[in-house]
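Novice: Have a look at the structure that comes next, please.
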Amino acid sequence: MKYRTLGQTEIRVSPIAMGCMSLCANATYEDIPVEQAIATVHAAIDAGINFFDNAPMYGQGEAERRLGLALKGRRRDSVVIADKVSSQTLSAQEVLSECEQSLRLLQTDYIDLYQIHWPRRVVPLDETLSAMEKLVSDGKVRAIGVCNFGPIDLAAAMEKHRILTDQICYNLLYRAAEFELREECVRRRVGILCYSPIAQGLLTGRFASADEVPDLRARSRHFSSKRPQARHSEPGCEAETFATIERIRQICRRIELPMADVAMAWLLHQPGVLAVLAGASRPEQVRRNVAAADITLSPQVLDELDHATRELKHKLGPNLDPWQTDSRVR
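Numbering (the numbering used here), first residue to last: 18 to 347.
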């Protein structure tokens, strides 16, 4: 696996990162035994993954605790831990106290990449980022990033502060980043971290229709607002989504590669993308995820995938928030 440099730092990260949300029970995933979670993290390290993305919101700190248990006894400088501040207002005091809690749960004395999880717009952004920079000067954080920031918020953040990454929802079925944000990240040298790379399982090909998708995975704007867990007010685009999935499936069959692998490899071919965050709850899933890093897609296949997903891209539009009509991302 060829490692990539995190901005203008000495931090080297694997292009396939492990998203830690699936290490414990939460709104999307069912619980797994602690021993299984630890084995999954160990399998990731053995497969060459050194980049782990976590957040206090994942199981109310349980995912952080389990990652800390899994990394106990390992060389701390051999892994890169990304975590987030997820507090209600993102005030300076909340940033400092939440970081201390994350450090305790992770059983470490520093976090490599500390990120704002979602924009809150309660206190001035400068207050939040200045507190994060204090953590850097105190040696508790090495670098600062953001999540779910659109071009307006990103520009505001970078007026005074050094932002190295923006973590966003980006996949073959959700290409909102390409309307403006991706180009802005490239221009500003901000690495894109892609979450939901297989669209919560849609890009594995496991679901033949929208009716087969469980409600907890059918909350996005791809699906009707009538689904029980939906927070948006749109009719959805279920027919277009599954027609797009079928076109992707046909391309993958022809090149004889699994859809999920192609979906992650496609992201790694996109301008500005630093890493793809792939969740896993079993060691064998990790080994499957890693395979995508070694796939080179030809210009012809990339063009075919672009054409296969373009209609859906324009149907969903530039709203960077996959779950809400009134975007929290601007």
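Just so you know, even glycine gets a beta-carbon here, dropped at the ideal spot from N, CA and C.
#1: Taking the CB atoms as reference points, tell me whether ILE49 and LEU40 lie closer together than 9 Å.
#2: Quick one: is THR258 buried, meaning 16 or more other Cβ sit within 10 Å of its Cβ, or exposed?
#3: By Cβ distance, which residues of its chain are closer than 7 Å to GLY65, with the 5 residues on each side in sequence left out?
#4: Skipping 5 residues on each side, what residues in its chain have a beta carbon closer than 7 Å to that of SER344?
#5: Answer yes or no: the CB of ALA235 versus the heavy atoms of the ligand MN, is any distance below 8 Å?
#6: Please name the residue in SER103, ALA194, ASP155, VAL140 whose C-alpha comes closest to that of VAL290.
#7: Assuming ILE98 and ASP129 make a contact with CB atoms under 8 Å, what is their CB distance in whole Å?
#8: Candidates GLN25, PRO73, LEU84: which alpha carbon is nearest GLN53's?
#9: Considering Cα atoms alone, identify which of PRO73, GLU144, LYS89, ALA72 is closest to LEU107.
#10: Given 8 Å as the limit, is there contact between the stretch 244-253 and the stretch 224-234, that is, 3 or more CB pairs closer than that?
#11: If I follow the unbroken alpha helix (DSSP H) through ALA60, where does it start and stop?
#12: Grab the span of the beta strand (DSSP E) containing THR182 for me, first residue to last.
#13: Name the residue from LEU181, CYS186, GLU150 whose alpha carbon lies nearest to the alpha carbon of SER237.
#14: Using 10 angstroms around the beta-carbon of ARG29, count the other beta-carbons present and answer buried if the total reaches 16, otherwise exposed.
#15: Could you check where the alpha helix (DSSP H) with VAL163 kicks off and where it finishes?
#16: State the beta-bridge partners of ILE98 as determined by DSSP.
#17: Round the Cβ separation of LEU171 and VAL163 to the nearest angstrom and send it over; I've been treating them as touching at under 8 Å.
#18: Does the distance from the CB of MET175 to the CB of ARG205 come in under 9 Å?
Specialist: So, from the listed chains and residues:
#1: Going by C-beta atoms, ILE49 is nearer than 9 Å to LEU40.
#2: So THR258 counts as buried.
#3: Cβ-Cβ distances below 7 Å link GLY65 to MET18, SER31, VAL307 in the same chain, with the five nearest sequence neighbours on each side left out; the list follows chain order.
#4: Listed in chain order, the non-local C-beta contacts of SER344 below 7 Å within the same chain comprise ASN336, LEU337, ASP338, local neighbours out to five positions each way being set aside.
#5: This structure does not include the ligand MN; it has no bound ligands of any sort.
#6: Checked all of SER103, ALA194, ASP155, VAL140; the closest Cα to VAL290 is ALA194.
#7: The beta-carbon separation of ILE98 and ASP129, rounded to 5 Å, stays under the 8 Å limit for a contact.
#8: For the residues GLN25, PRO73, LEU84, the minimum Cα distance to GLN53 belongs to LEU84.
#9: That would be GLU144, whose Cα lies nearest to the Cα of LEU107.
#10: Output reads yes: the stretch 224-234 touches the stretch 244-253.
#11: First-last of the alpha helix (DSSP H) with ALA60: 51-63.
#12: First-last of the beta strand (DSSP E) with THR182: 182-186.
#13: When the alpha-carbon of SER237 is set against those of LEU181, CYS186, GLU150, the nearest one is in CYS186.
#14: Label assigned to ARG29: exposed.
#15: Note, VAL163: premise wrong, no alpha helix (DSSP H); beta strand (DSSP E) at 158-164.
#16: Among the bridge pairs identified by DSSP, ILE98 is matched with PHE69.
#17: Confirmed, Cβ separation roughly 7 Å.
#18: Yes, the pair counts as a contact, with Cβ atoms nearer than the cut-off.
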